[in-house]
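A.B. asks: Chains as they are written, first to last, in the UniProt record's numbering: chain V, 1 to 152; chain A, 1 to 152.
Each residue gets a CB set at the ideal place from its N, CA and C atoms; glycine is no exception.
Would you mind keeping the following structure in view while I ask a few things?
Right under this line is the structure:
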């Protein structure tokens with residue numbers, strides 16, 4: 001414990017994972033408040049990506065919490081590589097999804113689409129922003145674990 | 001030479017860099033055929049990202065070609081880290097730009113926007129596809145160089 005803050009099994013990692021899960025859940029909530037999201041591919045992509053981030057980050061937060069409880073990082077052989085690959089794939093997905101959703105929302109807002117009546121698109125902007133912040137935290141986790149990899 | 005195909009200074013790397021530069025140039029060409037691209041933020045972002053990939057990949061292709069000519073990989077200390085950071089930043093930018101441009105084009109096509117008259121949007125779809133392929137090659141270069149890093 002305490003070797004590299006943010007690496008798997010540390011308090012920093014627990015904070016990052018909880019942040020990812022909370023941001024992904026809030027992005028999903030902002031997105032699902034409007035029932036029309038499924039008419040846009042970019043929004044469906046965002047829902048899918050965030051729907052994958054929530055269970056992934058929650059599971060790893062549980063692993064971190066268990067590591068903190070037993071006061072020793074729980075890292076079975078090979079698990080770090082799996083975590084790195086998972087983080088990498090999910091970070092690419094969430095980056096692509098958040099930028100797509102943001103650019104589609106910006107286009108809808110600028111073209112004064114009737115879909116954007118009643119501040120609907122501000123919710124979608126918030127959802128994209130939350131997804132982007134979730135990507136930032138996922139990317140931090142990835143970098144910390146990647147840094148730890150050669151020493152394991 | 002020949003230790004890891006695709007790492008800086010090898011024939012594989014030269015191929016990857018040339019591929020990235022050619023795909024980025026073709027994406028720029030497809031995008032600039034229409035003069036109205038600057039009215040969409042996502043298209044301006046794509047132009048910026050591809051405009052950065054072209055000089056970066058061309059320079060590294062020259063380094064690779066020089067390494068192949070002198071039959072020894074040219075890798076001054078610290079240069080590999082700079083190449084990895086540059087590849088990483090550009091790969092994130094090009095992924096975000098290509099997915100944004102693709103989703104905006106898809107929205108314009110599905111809403112039968114007057115902007116898409118005369119197969120204009122098919123060019124933008126092709127530009128986004130070329131940028132995505134360029135991202136695939138950038139990501140391969142990044143992985144090869146990252147794999148090489150601990151052994152340098």
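Counting only the same chain and skipping the five closest in sequence on each side, list residues whose C-beta sits under 6 Å from that of residue 28(V).
C.D. replies: Once the five neighbours on either side are set aside, the close Cβ partners of residue 28(V) are 50.
A.B. asks: Quick check on the DSSP output: the alpha helix (DSSP H) that includes residue 40(V) runs from which residue to which?
C.D. replies: Premise fails: residue 40(V) is in no alpha helix (DSSP H) and is neither H nor E.
A.B. asks: Which whole-angstrom value describes the C-beta separation of residue 172(A) and residue 139(A), a residue pair presumed to lie in contact below a C-beta threshold of 8 Å?
C.D. replies: Nothing about residue 172(A) can be read from this structure; chain A reaches only from 1 to 152.
A.B. asks: Exposed or buried, which one is residue 6(V) when buried takes at least 16 other CB atoms within 10 Å?
C.D. replies: Label assigned to residue 6(V): buried.
A.B. asks: Mind checking residue 112(A): buried by the 16 CB within 10 Å criterion, or exposed?
C.D. replies: By the neighbour-count rule (16 or more Cβ atoms within 10 Å), residue 112(A) is not buried but exposed.
A.B. asks: To the nearest angstrom, how far is the alpha carbon of residue 22(A) from that of residue 130(A)?
C.D. replies: Going by the C-alpha atoms only, they are around 9 Å apart.
A.B. asks: Give a yes or no on whether the minimum CB-CB distance between residue 142(V) and chain A is below 8 Å.
C.D. replies: Chain A contact via Cβ: absent.
A.B. asks: Using a Cβ-Cβ distance under 8 Å, would residue 89(V) count as near chain A?
C.D. replies: Chain A contact via Cβ: absent.
A.B. asks: Any C-beta of chain A within less than 7 Å: which residues of the UniProt domain "Casparian strip membrane protein" (9 to 137) of chain V qualify?
C.D. replies: Listed by position along the chain: 40, 41, 42, 92, 95, 96, 99, 100, 103, 104, 106, 107.
A.B. asks: Please confirm whether residue 5(A) has its beta-carbon closer than 8 Å to some beta-carbon of chain V.
C.D. replies: Chain V, which has no Cβ nearer than 8 Å to the Cβ of residue 5(A), makes this no.
A.B. asks: Between which two residues does the alpha helix (DSSP H) harbouring residue 99(A) extend?
C.D. replies: Segment 79 to 110, the alpha helix (DSSP H) holding residue 99(A).
A.B. asks: Tell whether a beta-carbon distance below 8 Å holds between residue 134(V) and residue 24(V).
C.D. replies: Yes, they are a contact pair.
A.B. asks: Using DSSP with H/G/I as helix, E/B as strand and the rest coil, what is residue 118(V)?
C.D. replies: Reduced to three states, the DSSP call for residue 118(V) is helix.
A.B. asks: Can you name, in chain order, every residue of its own chain whose Cβ lies under 6 Å from the Cβ of residue 152(A), other than the five neighbours on each side?
C.D. replies: Here the set comprises 80.
A.B. asks: Going by C-alpha distance, which of 38(A), 73(A), 58(A) is nearest residue 11(A)?
C.D. replies: Comparing Cα positions, the closest option is 73(A).
A.B. asks: Can you tell which of 68(A), 99(A), 128(A) has its C-alpha closest to the C-alpha of residue 14(A)?
C.D. replies: Among 68(A), 99(A), 128(A), the Cα nearest to that of residue 14(A) is on 68(A).
A.B. asks: Write down the C-beta distance between residue 100(V) and residue 100(A) rounded to the nearest angstrom, noting that I regard them as a contact closer than 8 Å.
C.D. replies: Right, the Cβ-Cβ distance comes to about 6 Å (below 8 Å), so this counts as a contact.
A.B. asks: Ends of the alpha helix (DSSP H) at residue 70(A)?
C.D. replies: Residue 70(A) -> no alpha helix (DSSP H), and no H or E assigned at all.
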